[in-house]
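Numbering-wise (our numbering), the sequence shown opens with residue 26 and increments by one. Accompanying notes for the structure given below.
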Amino acid sequence: MFNFFEQPWTLTFVAVLVLFGLFQFRSIFPEKRHWWQLLLPVFLAAFAFGLDFFVKTDLEKINAVVQTGIKAVEQENCDAIDRIIADNYSDSYHDTKADLMTHCRSELTRSPVEKNKKAGLFIEITPPQATADLTVWIRFSESGFIAQSYKPLFLIEVKLYLQKQLDKSWKISKVEIIEIDKQSFSWRQVR
């Protein structure tokens, strides 16, 4: 089922159908022609794009959080990462948000990320929770620790657990590493 708030094309298609219907109506009943009738499909199409622009769905908000995280890692912007992490963050390696941010700051300075590209994303929403299976290609800087110790390019799959906050925004409450280069992996294997 499609959601009118996620994309404008359904209502735009309806606007085109209304336009064709108006053309038929105006050709069958020429005495009932009025100039303002042609504004109806225009207003309907404008309404469709207005809904898409002004109303942000949970899916769009979660996509924005994921995209912010991808860009923040690439730019080594730990402050941006901090803003998308929930205060009650906890995973199998980090007990608190502070632990995660300390680890993040140390790793991003030791092994800078050169490029971060999303390869796949699957989101499942059951408010007030959501999960996102994210697969990214990460290229580390050649001068960094990871590129020198292992290799510069990795395919990483992580599972993000998100929570809806009181202000209707979504934040990441847990991140678990699933695979690195198609090999099972977990936070405990991180050195």
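Ideal Cβ positions, reconstructed from N, Cα and C, are used throughout, including at glycine.
Alpha carbon of residue i to alpha carbon of residue j, nearest angstrom
{"i": "Phe79", "j": "Lys193", "result": "15 Å"}
{"i": "Tyr175", "j": "Leu125", "result": "23 Å"}
{"i": "Val91", "j": "Leu36", "result": "28 Å"}
{"i": "Pro153", "j": "Phe210", "result": "28 Å"}
{"i": "Asp104", "j": "Glu201", "result": "20 Å"}
{"i": "Gln32", "j": "Ser198", "result": "28 Å"}
{"i": "Ala97", "j": "Phe74", "result": "29 Å"}
{"i": "Leu64", "j": "Gln190", "result": "41 Å"}
{"i": "Glu99", "j": "Leu178", "result": "13 Å"}
{"i": "Trp34", "j": "Lys81", "result": "16 Å"}
Any C-beta of chain C under 8 Å from that of residue i
{"i": "Phe78", "result": "Absent from the structure: chain C. Only one protein chain is present."}
Minimum C-alpha distance to residue i - residue among the options
{"i": "Phe38", "options": "Pro152, Phe68, Ile203 and Lys57", "result": "Phe68"}
{"i": "Trp195", "options": "Phe50, Ile202, Ala111 and Asp77", "result": "Ala111"}
{"i": "Lys184", "options": "Ser198, Ser166 and Ala157", "result": "Ala157"}
{"i": "Tyr186", "options": "Phe74, Lys96, Asn113 and Glu101", "result": "Asn113"}
{"i": "Glu101", "options": "Ser131, Leu64, Asp120 and Gly75", "result": "Ser131"}
{"i": "Trp162", "options": "Ser115, Lys140, Gln214 and Phe30", "result": "Lys140"}
{"i": "Ala155", "options": "Phe165, Gln188, Asp77 and Ser166", "result": "Gln188"}
Sequence-distant residues of its chain with Cβ nearer than 8 Å to residue i (five each side left out)
{"i": "Pro66", "result": "Ala40, Val41, Val43, Leu44 and Leu47"}
{"i": "Lys207", "result": "Leu180"}
{"i": "Lys57", "result": "Phe50 and Arg51"}
{"i": "Arg213", "result": "Ser117 and Tyr118"}
Cut-off 6 Å between Cβ atoms - residues of its own chain near residue i, not counting five sequence neighbours on either side
{"i": "Glu182", "result": "Thr160, Ile203 and Glu204"}
{"i": "Phe147", "result": "Asp158"}
Counted within 10 angstroms of its Cβ, other Cβ atoms place residue i as buried (16 or more) or exposed
{"i": "Gly145", "result": "exposed"}
{"i": "Asp120", "result": "exposed"}
{"i": "Ala70", "result": "buried"}
{"i": "Ala123", "result": "exposed"}
Same chain only: Cβ atoms within 7 Å of residue i, ignoring 5 sequence neighbours per side
{"i": "Thr93", "result": "Ala105 and Ile109"}
Any contact of the stretch 164-171 with the stretch 133-144, i.e. 3+ C-beta pairs under 8 Å?
yes
The stretch 48-58 / the stretch 84-99 touching (three or more Cβ pairs under 8 Å)
no
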